[in-house]
Amino acid sequence: MVVKQLYSLIEYDESVKTMEAGADHIGLVPMQNGGVPAHRVPLERVHRIFDECKRRGVVSVAIMLTNDPDEMIELAEEIQPDILHVAGDGYAADEAFAKRLKAVAPNTKLMQAVLVDDESAVDRAKKYAQYCDFILTDSGLAPDTGIGASGQTHDWSIDARIVAECGKPVIMAGGLGPENVADAIRQCRPYGVDSLTKTSIKYDGGYMEKDIDKVREFCRNADAAAAEVGA
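Sequential numbering from 33 applies to the sequence shown in our numbering.
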């Protein structure tokens, strides 16, 4: 099995439909001082969505776009997500942060985004893997979204090295959609694949919602490729 991770959910009904379409992980941006305002989800709704995740056996991911570690820790303590994803472009988790997270949210795992811009990403991933539970590989920066959300792919040969060498589960992101997710799985054999831009409908003002038909196709194609490679 290859995990299918769908970002960035905003509404409760949309989240439920995304789970029903095949998502194993769903991620959202809890209200914080970072990211596109239209993507931030009020904490009351975050709790409702993540409670539904727990009921359905879907993994909940809280996306951190703030660059303030204290704010991240406060949010983790309040929300208690299954995974805390550090994706800001000005802060990366370190060993001290991992210990702080474990103290306030002992059941929350830590995922660090790695910007795959050149071969140096391999060494960065290895460093983060010493104290993180997951590595997420992603493409270049988009305005106000930290690492990722650019809708662009990158050099998958680097991802393949990270998967082979970092020693922790790797989730591939960066321009993945129904049309290319199978190729990504065949080439890199990741633990999981992530989609935001290519499975979303975008509106003015930064607001977006999941295109459920594309989510379903993304999940179906990922499952077929995983079966093909024996993952």
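Glycine residues also receive a C-beta, built at the ideal position from the N, C-alpha and C atoms.
Counted within 10 angstroms of its Cβ, other Cβ atoms place residue i as buried (16 or more) or exposed
i, result
"ASP150", "exposed"
"LYS86", "exposed"
"ALA70", "exposed"
"ASP226", "buried"
"PRO62", "buried"
"ARG72", "buried"
"THR177", "Its pLDDT being 49, under 50, THR177 is placed unreliably by the model, and the measurement read from it follows with that caveat. THR177 is buried by the Cβ-count criterion."
"PRO74", "exposed"
"TYR160", "buried"
"SER152", "exposed"
Beta-carbon separation (whole angstroms), residue i vs residue j, contact threshold 8 Å
i, j, result
"GLN11", "CYS164", "Nothing about residue 11 can be read from this structure; the chain reaches only from 33 to 263."
"ASP170", "ALA192", "Not really, about 15 Å apart at Cβ, beyond 8 Å."
Closer than 9 Å to chain D by CB, residue i
i, result
"VAL148", "Here chain D cannot be found, since the structure has a single protein chain."
Simplified DSSP assignment, three categories, for residue i
i, result
"THR50", "helix"
"ASP236", "helix"
"ILE95", "strand"
"PRO74", "coil"
"THR177", "For THR177, the predicted model reports a pLDDT of 49, less than 50, meaning its position is unreliable; a value from the coordinates is still stated below. Coil at THR177, not helix or strand."
Residue j beta carbon less than 9 Å from that of residue i
i, j, result
"PHE250", "GLY54", "yes"
"PHE166", "VAL195", "no"
"LEU142", "PHE129", "yes"
"LEU228", "TYR44", "no"
"MET104", "VAL93", "no"
"GLY209", "LYS230", "yes"
"GLU84", "VAL90", "yes"
Other residues of its chain near residue i: CB distance less than 6 Å, five sequence neighbours each side excluded
i, result
"ALA254", "VAL34, LYS36, VAL213, VAL225"
Close-in-space but distant-in-sequence residues of the same chain around residue i (CB under 8 Å, 5 per side omitted)
i, result
"ASN139", "GLN112, ASP114"
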